[in-house]
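Quick note, the sequence shown lines up with residues 1090 to 1412 if you use my numbering. To start, the structure itself, in structure tokens.
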Amino acid sequence: MPELPEVQTTVDGLNLRLKNLTITDIWSSYNSASHAGKDNIKNVLYFKNFRAVVSGAKFLKAERRGKNILIDLSNQHTVLIHMKMTGHLLYGSYNLHKDGGKEIWRPDKNAANEALHDPFNQHLRLVFSLSDGKQLAFSDMRKFAKVFVVPTSEKYTLPDIAELGPDALAKNFTFEKFCEQILKRPNTAIKQVLLDQSLMSGIGNIYSDEMLWAAGIHPLSTPAAIPKNSANQSMNHSLKSLYKEMRIVLERGLHFGGDSESDYRNIDGVPGEFQNKHHAYRHTGEVCAKRGCGGIIQRLKIGGRSAHFCSKHQTRFTSNKKK
Ligand SMILES: [Zn+2]
1090 MPELPEVQTT VDGLNLRLKN LTITDIWSSY NSASHAGKDN IKNVLYFKNF
1140 RAVVSGAKFL KAERRGKNIL IDLSNQHTVL IHMKMTGHLL YGSYNLHKDG
1190 GKEIWRPDKN AANEALHDPF NQHLRLVFSL SDGKQLAFSD MRKFAKVFVV
1240 PTSEKYTLPD IAELGPDALA KNFTFEKFCE QILKRPNTAI KQVLLDQSLM
1290 SGIGNIYSDE MLWAAGIHPL STPAAIPKNS ANQSMNHSLK SLYKEMRIVL
1340 ERGLHFGGDS ESDYRNIDGV PGEFQNKHHA YRHTGEVCAK RGCGGIIQRL
1390 KIGGRSAHFC SKHQTRFTSN KKK
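Given below as structure tokens:
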């Protein structure tokens, strides 16, 4: 699933490519009976209204809140997109083809952008046609994405946004605030705590594994048992080092254009490179890359999610006191 660095990379791309463009029409092939009556374009009746509200509006700006994309339009409405497991937005030249009774969007044969032909970019379920003759298309292989529109005045009061904890990369998300948030779940595995978007937002499975690896903390450690500061400045294994590594790992993800271990592509259809920088995530059975460690990366299920870690240098801090 796209996490903070991937969503931010997409948002930056939207602001770069869509400035001052008008949405001239919208097409969707989402049609889910289980979404009947819901405020989501997968409900075909809702999509009719969505199309009426959004068509003709100009793109103003995109911003990220946690893993959500908010797109402000000139008509005082905002589109919320959560890419979920396999969704990503693509900008380029597309044509609508009729294949039997089915409508399919395909990249223009002469499109300058070769990356749009990447097989991971072909699951187009939603297409915004734009005033420059190009399209903003949404590829979503597994169809888990969430898309809807609200008046801009309501965007920050939506439960999707209002219930998010502080952004993991926000300047004012200090070490003290980080500890305060984490210690709200003192006896829960740190891996699960990092994934809880109501405590802090933006972190998912990949970056949580990488920051725990870098900080030398075992994913089953419980926050109350982890020392706040490291006894030795050169050593890891503390909340202080976890906070520091959280910022470093997320910044690295951004620097490398996000992570394309799975479906993620930026809006030009190009993969990021962070998947080549992993030390733990999906490195099960490999020798730990930490200098002088020699441990083996292991995999463990925690709360239904896979955690990848080195059992040698990642210390497990747990207290016997159960609350
Ligand atoms: Zn190790």
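By construction, the Cβ of each residue, glycine as well, lies at the ideal position given by its N, Cα and C atoms. Keep in mind that this is a model prediction, so the values were computed, not measured.
Exercise. LEU1134: buried (16+ other C-beta within 10 angstroms of its C-beta) or exposed?
Worked result: exposed
Problem set entry | Nearest neighbour of ALA1151, chosen from VAL1142, LYS1127, PHE1136 and ILE1170 [CA to CA] | Its Cα nearest to that of ALA1151, the residue ILE1170 stands out among VAL1142, LYS1127, PHE1136 and ILE1170.
Exercise. When you compare each of LEU1301, HIS1212 and LYS1187 to SER1400 by their alpha carbons, which one comes out closest?
Worked result: LEU1301
Problem set entry | TYR1370, DSSP secondary structure in three states | coil
Exercise. What are the start and end residues of the alpha helix (DSSP H) that includes PRO1248?
Worked result: 1248-1251
Exercise. Which residue or residues does DSSP assign as beta-bridge partners of LEU1178?
Worked result: Under DSSP, LEU1178 forms a beta bridge with PHE1227.
Problem set entry | Contact shell at 6 Å, judged by CB to any heavy atom of ligand 1, ordered along the chain | CYS1377, LYS1379, CYS1382, GLY1384, CYS1399, LYS1401 and HIS1402
For this session: Rounded to whole angstroms, what's the CA-CA distance from LYS1412 to TYR1332? Just pull it up for me.
Result: In this prediction, LYS1412 has a pLDDT of 43, which is less than 50 and means its spatial position is unreliable; nothing more can be read from the coordinates.
For this session: Using alpha carbons as the reference points, say which of SER1327, VAL1096, LYS1127 and ASP1101 lies closest to PHE1264.
Result: SER1327 is the residue among SER1327, VAL1096, LYS1127 and ASP1101 whose C-alpha sits nearest the C-alpha of PHE1264.
Exercise. For PHE1217, which residues from the same chain have a beta carbon less than 6 Å from its beta carbon, with the 5 sequence-adjacent residues on both sides left out?
Worked result: Excluding the 5 residues flanking it on each side, PHE1217 has same chain C-beta neighbours closer than 6 Å at ILE1112, ILE1115 and LEU1225, in chain order.
For this session: Take CYS1268 and list the residues in its own chain whose beta-carbon comes closer than 7 Å to its own, dropping the five residues that flank it on each side.
Result: Excluding residues up to 5 positions away in sequence, LYS1317 and LEU1328 lie with their Cβ nearer than 7 Å to the Cβ of CYS1268 in the same chain.
For this session: Have a look at the DSSP bridge pairing and note the partners of ASP1161.
Result: LYS1150 and THR1167
Exercise. When the Cα atoms are used, what is the spatial distance from LYS1235 to ASP1128?
Worked result: 9 Å
For this session: Quick one: grab the DSSP three-state call for ASP1101.
Result: Shown here, ASP1101 sits in a helix according to DSSP, grouped into three states.
For this session: Pair every Cβ in the region 1249-1258 with every Cβ in the region 1281-1301, then say whether three or more of these pairs are closer than 8 Å.
Result: yes
Exercise. Which value, in whole angstroms, describes the spacing of the CA atoms of ASP1298 and GLU1192?
Worked result: In a straight line, the C-alpha of ASP1298 is about 41 Å away from that of GLU1192.
For this session: Following the continuous beta strand (DSSP E) through PHE1398, name the residue where it begins and the one where it ends.
Result: 1394-1399
Exercise. When DSSP labels each residue in this structure, what does THR1241 get in the three-state scheme?
Worked result: helix
Exercise. Fully enclosed by the region 1116-1147, which alpha helix (DSSP H) runs are 4 residues long or longer?
Worked result: 1133-1143
Exercise. Does the separation of the CB atoms of PRO1196 and HIS1206 fall below 8 Å?
Worked result: yes
Exercise. From ALA1378 to HIS1368, what does the alpha carbon distance come to, in whole angstroms?
Worked result: 6 Å
Problem set entry | Beta-carbon proximity of ALA1313 to GLU1334, cut-off 8 Å | no
Problem set entry | Own chain, CB closer than 6 Å to SER1395, minus 5 neighbours either side, in chain order | ARG1388
Exercise. Between THR1311 and ASN1261, which are expected to be in contact by the criterion C-beta below 8 Å, what is the C-beta distance as a whole number of angstroms?
Worked result: That belief does not hold up - the Cβ atoms of THR1311 and ASN1261 are roughly 27 Å apart, past 8 Å.
Exercise. Can you give the Cα-Cα distance for LEU1105 and PHE1406, rounded to whole angstroms?
Worked result: 45 Å
Exercise. How many angstroms separate the CA atom of PHE1227 from the CA atom of HIS1124?
Worked result: 19 Å
Problem set entry | When LYS1223, LYS1173 and ILE1386 are compared against TRP1194, the one with the closest alpha-carbon | LYS1223
For this session: Mark GLN1270 as exposed unless 16 or more other C-beta atoms lie within 10 angstroms of its C-beta, in which case mark it buried.
Result: buried
Exercise. Which residue comes first and which comes last in the alpha helix (DSSP H) that contains TYR1296?
Worked result: Judged by DSSP secondary structure, TYR1296 falls within the alpha helix (DSSP H) whose first and last residues are 1294-1304.
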